[in-house]
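In the numbering used here, the protein residues as written are 190 to 501.
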């Protein structure tokens, strides 16, 4: 089967075009409109005046397209379309409108209301002139500008009022919190210390928190001072005891040497015990903070594991 749409067709060598019959078509006037069948979609929603059937925009129809001779707008050809109602088969006619870039319903149906369309009747053209249209557009733009400015000013005023209200509410809340905390502080001071401290707090001389913090700081400083003084006294006492012990050892060594040179002149009854100058309140020697290294245990020897002798 050969192709339907091709650029070049095959003509056999014995083709004789004179043998091909010609189709007889009725002769039409040159001024008669040209009509052809087309497939189109409804450019707007419409309602049939015969039966009241609604046909939405985009509904497909098999229409007759008519090209009327002599109907032009600024050199642009106008076209007329004939369709039929889907319910009662009544004829509906509409044409193009290049002036308004739209379509105009002529007969058979009524176009549904389009709120965004200006200057169009139920089925006729716009009657306003270009000057009227310009005046209307200028008037609408002026009204939109004034309305927009007023609305913007009103919005700004409302925003400023809301901001002021929010600031006022925050200030009131802070003041209430401060009053509550002050009342609680006064009640606590009254319970703890009585009227004098309460009067001082009311007068603003001292606050309970500051007084308590200052008292704790003074107590801590006094405790640190006493501990440091006791440590200094203990160190001085230890140094005195060490010096006295060294002096007594030197004296005993000298007496023993004199006794050996002079002979034994004393008996058991005459012997006197060595006098000890140490006081009963003597403190023990200060502890030594020298690091003592503990000897590690040989766990391998305890388990019977022999260590390898070094080769070198």
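C-beta atoms are modelled at their ideal positions from N, C-alpha and C, and glycine is treated no differently.
Here the structure is a predicted model, which means the values were calculated and not measured.
My guess is that residue i and residue j are in contact by the Cβ rule of under 8 Å, so how many angstroms apart are they, rounded?
i, j, result
"residue 244", "residue 231", "6 Å"
"residue 238", "residue 298", "6 Å"
"residue 274", "residue 265", "Contact doesn't hold; Cβ gap of about 29 Å is too wide."
What does the alpha-carbon distance come out to for the pair residue i and residue j?
i, j, result
"residue 322", "residue 288", "13 Å"
"residue 261", "residue 225", "19 Å"
"residue 373", "residue 359", "21 Å"
"residue 412", "residue 365", "42 Å"
"residue 480", "residue 427", "21 Å"
"residue 425", "residue 415", "15 Å"
"residue 486", "residue 492", "12 Å"
"residue 328", "residue 294", "29 Å"
"residue 378", "residue 402", "14 Å"
"residue 348", "residue 357", "14 Å"
"residue 407", "residue 367", "29 Å"
"residue 421", "residue 482", "31 Å"
"residue 202", "residue 209", "15 Å"
Taking the alpha-carbon of residue i as reference, which of the options has the nearest alpha-carbon?
i, options, result
"residue 292", "356, 274 and 246", "246"
"residue 228", "257, 242, 412 and 270", "270"
"residue 263", "374, 286, 254 and 282", "286"
"residue 235", "258, 429 and 301", "301"
"residue 277", "255, 290, 266 and 242", "242"
"residue 423", "375, 378, 472 and 379", "472"
"residue 398", "370, 414, 417 and 410", "370"
"residue 381", "202, 400 and 368", "400"
"residue 223", "195, 290, 267 and 193", "267"
"residue 279", "240, 290, 488 and 255", "240"
"residue 233", "284, 208 and 195", "284"
With a threshold of 7 Å on Cβ separation, who are the neighbours of residue i within its own chain once the five nearest residues in sequence on each side are excluded?
i, result
"residue 498", "none"
"residue 249", "228 and 230"
"residue 462", "Reliability of the predicted coordinates at residue 462 is poor, the pLDDT of 47 falling under 50, and no value is obtained from them."
"residue 419", "none"
"residue 496", "489"
Which residues in the same chain as residue i place their Cβ atom closer than 6 Å to its Cβ, once the five residues preceding and following it in sequence are excluded?
i, result
"residue 475", "427"
"residue 490", "none"
"residue 429", "none"
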